[in-house]
Amino acid sequence: WLLVVAMVLMGAGRALASGPAEAWYVDSVQAAEGPGAELRTGLARGNTATAVALAVGTVCGGGLPWVLGLGPDPGARLVEVTAGVVLPLSVPPLLGALIGVGYVTYVLVALSEPPRAPATLRGVLRDVPVTMVGGLRLGRGDVVVRRVLLTAAALGGALAVIELLTPGRAAELTGAAESGAVLFALLACAGFLCTAVGSHLAPRLARVAGGGERAVSVALAGMTVGLVVLGCTTWWGGPSALVGAAAGYGLVYLALGAVGPNQNELLHRRVESRGRATALSVQSLALQLSGALAGLVAGALPPGAGRWLLPAVGVVVMALLWLRRPAGEPPDGRFDHETGSAVSASV
Numbered sequence: 137w138l139l140v141v142a143m144v145l146m147g148a149g150r151a152l153a154s155g156p157a158e159a160w161y162v163d164s165v166q167a168a169e170g171p172g173a174e175l176r177t178g179l180a181r182g183n184t185a186t187a188v189a190l191a192v193g194t195v196c197g198g199g200l201p202w203v204l205g206l207g208p209d210p211g212a213r214l215v216e217v218t219a220g221v222v223l224p225l226s227v228p229p230l231l232g233a234l235i236g237v238g239y240v241t242y243v244l245v246a247l248s249e250p251p252r253a254p255a256t257l258r259g260v261l262r263d264v265p266v267t268m269v270g271g272l273r274l275g276r277g278d279v280v281v282r283r284v285l286l287t288a289a290a291l292g293g294a295l296a297v298i299e300l301l302t303p304g305r306a307a308e309l310t311g312a313a314e315s316g317a318v319l320f321a322l323l324a325c326a327g328f329l330c331t332a333v334g335s336h337l338a339p340r341l342a343r344v345a346g347g348g349e350r351a352v353s354v355a356l357a358g359m360t361v362g363l364v365v366l367g368c369t370t371w372w373g374g375p376s377a378l379v380g381a382a383a384g385y386g387l388v389y390l391a392l393g394a395v396g397p398n399q400n401e402l403l404h405r406r407v408e409s410r411g412r413a414t415a416l417s418v419q420s421l422a423l424q425l426s427g428a429l430a431g432l433v434a435g436a437l438p439p440g441a442g443r444w445l446l447p448a449v450g451v452v453v454m455a456l457l458w459l460r461r462p463a464g465e466p467p468d469g470r471f472d473h474e475t476g477s478a479v480s481a482s483v
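Sequential numbering from 137 applies to the sequence shown in my numbering.
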């Protein structure tokens, strides 16, 4: 039951943190530099830092228990001192909790906001349905916001399938579960690093492609190629399959990094400040829900390329949609999350 409570708290924290920090950043930049302030570079740097941190966390989480077993075996000493309460495997999550405390402290100090009316727990719970309805209106009333949400759903499905199938595929390619686990750990770290590179290159991709919409389309096309390569490697054998799978995996996460800053920059251009955190939360919700559904579907399908190629369909559809009808910037206003319609910039 402790594990259930921990996962519920982690999930709740992730949901609550999915939008406010980025919304605060955009609001702060626009307050300092005006509504036309350049956002993409800052968003790209934030995504790059996040991806690098995930890569470092992956290495530390997997390597610390192993390091504690080397030499004089400090892990055994740790178990002895704590009477068996803290194991070597306990060190990474405890370190993560310590980092979390530091993160919360930093947020309280650095993310200053104007005073707000005090809120009660009952009021917060009462506003949840209103917030959800407002989020649905975002996608209904603005074509760009709708595309962003649909893209999040397509990405969620693709990532869920990859995360579900890659451990088993790694074991198949290496011939054993143990070596497959090592390969998967390396791939996970490499994937985060590829995401960091993609995020770093996102502003340059937008300049080369001729705008954020086309940059998203190009990145999604690259992700489609990566998914197709992953699917095709199920028909191969030997070292070529291993190299192809690694290349496809890296391409998927490289493209993922390039998508994020470009599509979120478009989103922030269309949404009013008061609806920005809601928009980001609904985007995260679309990604998570589609990922849960895609995982169930992929798990029910027979082994083979079809399970890898299925999410590629949704990704390529979104790539074509972004390319076929470039939406551009709103001519005279942004999006009001309360009415579900475009509003004048003077409002």
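Ideal Cβ placement from N, Cα and C applies to all residues, glycine included.
Handout entry: Sequence-distant residues of the same chain with beta carbon closer than 7 angstroms to L295, five excluded per side
Key = So the list reads G427, once near-sequence residues are dropped.
Practice task
Count the other C-beta atoms from every protein chain shown that fall within 10 angstroms of the C-beta of W202, then say buried if there are 16 or more, exposed otherwise.
Solution key: exposed
Practice task
Would you mind sorting W137 into buried or exposed? The rule is 16 or more other CB atoms within 10 Å of its CB.
Solution key: exposed
Handout entry: Supposed contact pair V297 and R443 - C-beta distance, whole angstroms, cut 8 angstroms
Key = Yes, R443 and V297 are in contact; Cβ-Cβ is about 7 angstroms, under 8 angstroms.
Exercise for the section: Flag R305 as yes if its beta-carbon sits less than 8 angstroms from any beta-carbon of chain C, otherwise no. Expected result: Given the protein chain composition of this structure (a single chain), no chain C is represented.
Practice task
May I ask you to verify whether the segment 385-394 touches the segment 227-244, counting CB pairs closer than 8 angstroms and requiring at least 3?
Solution key: no
Handout entry: Environment of W371 [buried if 16+ CB atoms lie within 10 Å]
Key = Here W371 is exposed: its Cβ has fewer than 16 other Cβ atoms, across all protein chains shown, within 10 Å.
Problem - Unbroken alpha helix (DSSP H) run spanning P210, endpoints - result: 210-217 is the extent of the alpha helix (DSSP H) around P210.
Exercise for the section: Tell whether a beta-carbon distance below 8 angstroms holds between Y385 and L366. Expected result: Contact: yes.
Practice task
Please state if the CB of A321 and the CB of G411 are separated by a distance shorter than 8 angstroms.
Solution key: no
Practice task
Report the rounded CA-to-CA distance for V451 versus N398, giving the unit in angstroms.
Solution key: Looking at the backbone, the Cα of V451 and that of N398 are separated by about 16 angstroms.
Problem - Residue interval of the alpha helix (DSSP H) (run including G373) - result: Per DSSP, G373 belongs to no alpha helix (DSSP H) and is neither H nor E.
Exercise for the section: Determine the extent of the alpha helix (DSSP H) in which S335 is found, giving its start and end residues. Expected result: 313-345
Problem - DSSP state of A463 mapped onto helix, strand, coil - result: Only weak support exists for where A463 lies, its pLDDT of 48 falling under 50; the coordinates are left without a value.
Exercise for the section: Go to L356, then tell me how far its alpha helix (DSSP H) extends in each direction, as first and last residue. Expected result: 348-368
Practice task
Return yes when the C-beta of A413 is under 7 angstroms from any heavy atom of the ligand NAP, and no when it is not.
Solution key: Looking at this structure, you won't find the ligand NAP or any other ligand, since it has none at all.
Exercise for the section: State the DSSP-derived secondary structure class of E401, mapped to helix, strand or coil. Expected result: helix
Problem - Straight-line Cα distance separating V266 from V221 - result: 44 angstroms
Problem - Simplified DSSP assignment, three categories, for S248 - result: coil
Handout entry: N400 vs L214 beta-carbon contact at 8 angstroms
Key = no
Exercise for the section: Kindly indicate which three-state DSSP category A441 falls into: helix, strand or coil? Expected result: In this structure, DSSP gives A441 a state outside helix and strand, which the three-state scheme calls coil.
Practice task
Leaving out five residues on either side along the sequence, give the residues of the same chain with a beta carbon under 8 angstroms from the beta carbon of L301.
Solution key: A434, R443, W444
Practice task
Taking 8 angstroms as the cut-off, decide whether the C-beta atoms of A377 and L309 are in contact.
Solution key: yes
Practice task
Decide if R176 is buried, meaning its Cβ has at least 16 other Cβ atoms within 10 Å, or exposed.
Solution key: The residue in question, R176, is buried, as its Cβ has 16 or more Cβ neighbours within 10 Å.
Exercise for the section: Note down, in chain order, each residue of its chain lying with its Cβ closer than 6 angstroms to the Cβ of A289, except the 5 sequence neighbours on either side. Expected result: A422, S426
Exercise for the section: Could you round the C-beta distance between P447 and G293 to whole angstroms and report it? I think they count as a contact, below 8 angstroms. Expected result: Sure, about 5 angstroms apart at Cβ, within 8 angstroms.
Practice task
Out of I235, V144, G259, R273, state which residue places its alpha-carbon closest to the alpha-carbon of Q419.
Solution key: Selected option, being the one with the closest Cα: R273.
Practice task
Kindly list the residues whose CB is nearer than 7 angstroms to the CB of G275, restricted to its own chain and excluding five residues on each side of it in sequence; keep chain order.
Solution key: These residues qualify, in order along the chain: V281, R282, L285.
Handout entry: Given W455 as reference, the closest of R350, G170, V269 once Cα atoms are compared
Key = The residue you asked about is not Trp; residue 455 is Ala in the sequence shown. That would be R350, whose Cα lies nearest to the Cα of A455.
Practice task
Go to S164, then tell me how far its alpha helix (DSSP H) extends in each direction, as first and last residue.
Solution key: Annotation: the continuous alpha helix (DSSP H) that includes S164 extends over 156-169.
Practice task
Assign G236 to buried or exposed, taking buried as 16 or more other Cβ atoms, counted over all protein chains shown, within 10 Å of its Cβ.
Solution key: G236 should be labelled exposed.
Practice task
Could you tell me the distance, in whole angstroms, from the CA atom of E216 to the CA atom of L234?
Solution key: Rounded to the nearest angstrom, the gap between the Cα atoms of E216 and L234 is 22 angstroms.
Problem - Span separating the alpha-carbon of P166 from that of S409 - result: First, the amino acid is wrong: residue 166 is Gln here, not Pro. Across the structure, Q166 and S409 are spaced so that their CA atoms are roughly 10 angstroms apart.
Exercise for the section: Please list, in chain order, all residues of the same chain as H125 whose beta carbon is under 7 angstroms from its beta carbon, the five residues on each side excluded. Expected result: There is simply no residue 125 to check, as the chain begins at 137 and stops at 483 in what is shown.
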